[in-house]
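What follows is a single structure, written as structure tokens, with notes after it.
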DNA sequence: TTCCTTATACTCCCAATGGGAGTAATTTGT
DNA sequence: ACAAATTACTCCCATTGGGAGTATAAGGAA
């Protein structure tokens, strides 16, 4: 039974403290879920894998008539986790359904497109409110892991950065689309960002004689994914 | 056989022009793949579903001794797609393995964390080069769909926005971590963004008497996902 | 005190998906 | 003339998603 990224995420939680499976599922949804979403049923399976490889230990507790299992990391598990921290991970991968609707928006009406963008913005506002609540909690004296605040600040900063990017894009797109008279006039396009990107020459590119744009027509936009193991 | 978001993505491509399955798989990877990544084998199955529901038609062509299937949209398919454009879609969902490594970085060494951030930055630079090539291609006279430029400008702007957000975060995080002497001193944390978020009062929140931060401790960070159908 | 709701603590299962392996003809480059 | 890359798919298994189901415990309202 091979370990997946999800296994290591659970193992990571166990390096912080011991948890019941229920708590692990909760934590996975609450904190890690925004950048590593996984089904609850799978999270219940993971700690068993860890135990079978001696990376964690299960302790059976009884709370009244009902039993619960508490998992804790073993020294071997801690070492395995440290090794994993050194390995390169998969690049970010995004699923963003609204962008498909945007990409084919000329099939629908301007109001449909604006409604799609409006919904994206509404999602952003919801996330921002949540972010504000979490920030207040993290800075309060009720925060559970004050010794981890500097680390948590790193990941929560990403959440903010991401939310801002979505908001910035959605609002720019809305303003852009509002200027359109029809859905199929490409001459009104705001292509300033494309021009800026086209002009930019970034380091690391090893020329092959041809204009780099000649290669794109047929080139795969592959992201050299290290694949497998999620 | 119910239609998934992937089905509609394929259907969307068919509203632009007819394609062979191979070309559809290519396009899905190249253009839509950055915000809706799906396995090639599944993309080969999708057009068959569309045909079975009369949303598309298959035409068999022979190129020498080898046959190929060309798919085109039907009027019913076009209508179905327009209806889909009006429906709300799933909110953005991200998988970002490096963030798990960051979130548990105090288990490893400072160099491990910096290496993780460096790899994220390297990925960003790769994407930026690709973005530049694509921009040059889109503005060139070899671009395949000039009549769609204004639409494509919207989605490619998102790519830029996202890449920038990752870059901005990775560099901020690197600078932040470089200041750390040990991995377990939370007092060095840069929490300015948390403070700013905590102070922010956003519209739409309906107070319930309590301080909003009191609700977070146990609250689920749910994103009200409309689930199902990808 | 009783009842109702919510939280805790899981298991089971099927449909959907990922992703690689495999086959073969055709085109392009050396 | 030959090799490599591209076109054009099919097949299949392991993994995952996600909902349904079961049951006890704790907290709050009537």
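Residue numbers (the working numbering), protein chains in the order written: chain H, 713 to 942; chain U, 713 to 942. Backbone N, C-alpha and C fix where the C-beta goes; we use that ideal spot for every residue, glycine too.
Contact of residue 804 of chain H with chain U is assigned, a C-beta pair being separated by under 8 Å. Less than 8 Å separates the beta-carbon of residue 801 of chain H from that of residue 813 of chain U.
Nearest neighbour of residue 747 of chain U by Cα position, chosen from U:834, U:738 and U:874, turns out to be U:874. Sixteen is the threshold: since fewer than 16 other Cβ atoms of the shown chains lie within 10 Å of the Cβ of residue 896 of chain U, the residue is exposed.
The region 846-863 of chain H makes contact with the region 897-915 of chain U; the number of CB pairs closer than 8 Å reaches 3 or more. Assigned with DSSP and collapsed to three states, residue 782 of chain U falls in strand. In this structure, U:725 is the residue among U:899, U:832 and U:725 with its C-alpha nearest to the C-alpha of residue 817 of chain H. Against chain H, the CB of residue 887 of chain U has no partner CB under 8 Å away; the residue lies outside that interface. At a cut-off of 8 Å between beta carbons, residue 719 of chain U makes no contact with chain H. Beyond the five residues adjoining it in sequence on each side, residue 832 of chain U comes within less than 7 Å, by CB distance, of 810, 878 and 882 in the same chain, given in chain order. Contact residues of the region 834-847 of chain H toward chain U are 835, 837, 840, 841, 842, 843, 844, 845, 846 and 847 (C-beta to C-beta distance below 7 Å). Under a 10 Å Cβ-count criterion, residue 868 of chain H is classified as buried, with 16 or more other Cβ atoms of the shown protein chains found around its own Cβ. In the DSSP assignment, residue 774 of chain U forms a beta bridge with U:779. In this structure, H:863 is the residue among H:766, H:863 and H:731 with its C-alpha nearest to the C-alpha of residue 820 of chain U. Contact with chain U is found for residue 866 of chain H, since one of that chain's Cβ atoms lies less than 8 Å from the residue's Cβ.
Close partners of residue 716 of chain U in chain H (Cβ separation under 8 Å) are lacking, with about 11 Å as the shortest Cβ gap. Taking 8 Å as the cut-off, the Cβ atoms of residue 815 of chain H and residue 727 of chain H do not count as close.
Taking every protein chain shown into account, the CB of residue 770 of chain H has fewer than 16 other CB atoms within 10 angstroms, so this residue is exposed. Here residue 720 of chain U is buried, its C-beta having at least 16 other C-beta atoms within 10 Å.
Comparing alpha carbon positions, the residue from U:731, U:739, U:836 and U:757 closest to residue 713 of chain U is U:757.
Put simply, the CB of residue 858 of chain U is near chain H, with a gap under 8 Å to one of its CB atoms. Following the DSSP letters along the chain, one finds residue 850 of chain H inside the alpha helix (DSSP H) bounded by residues 822-851. When 9 Å is used as the limit between beta carbons, residue 747 of chain H is near these residues of chain U: 806, 807, 808, 809, 810, 811, 812 and 815, in chain order. In this structure, residue 885 of chain U places its C-beta atom within 8 Å of the C-beta atom of residue 866 of chain H. Residues 875 of the same chain have their beta carbon placed closer than 7 Å to that of residue 840 of chain U, with the five preceding and five following residues left out of the count. Exposure of residue 751 of chain U is indicated by the presence of fewer than 16 other C-beta atoms within 10 angstroms of its C-beta. When secondary structure is reduced to three states using DSSP, residue 768 of chain H falls in the strand class. When DSSP assignments are scanned along the region 713-752 of chain H, the uninterrupted stretches of alpha helix (DSSP H) that are 4 or more residues long and fall wholly within it turn out to be 717-728 and 733-739. Counting along the chain, residue 871 of chain H sits inside the alpha helix (DSSP H) bounded by residues 861-890. The Cβ atoms of residue 768 of chain H and residue 755 of chain H do not sit closer than 8 Å to each other.
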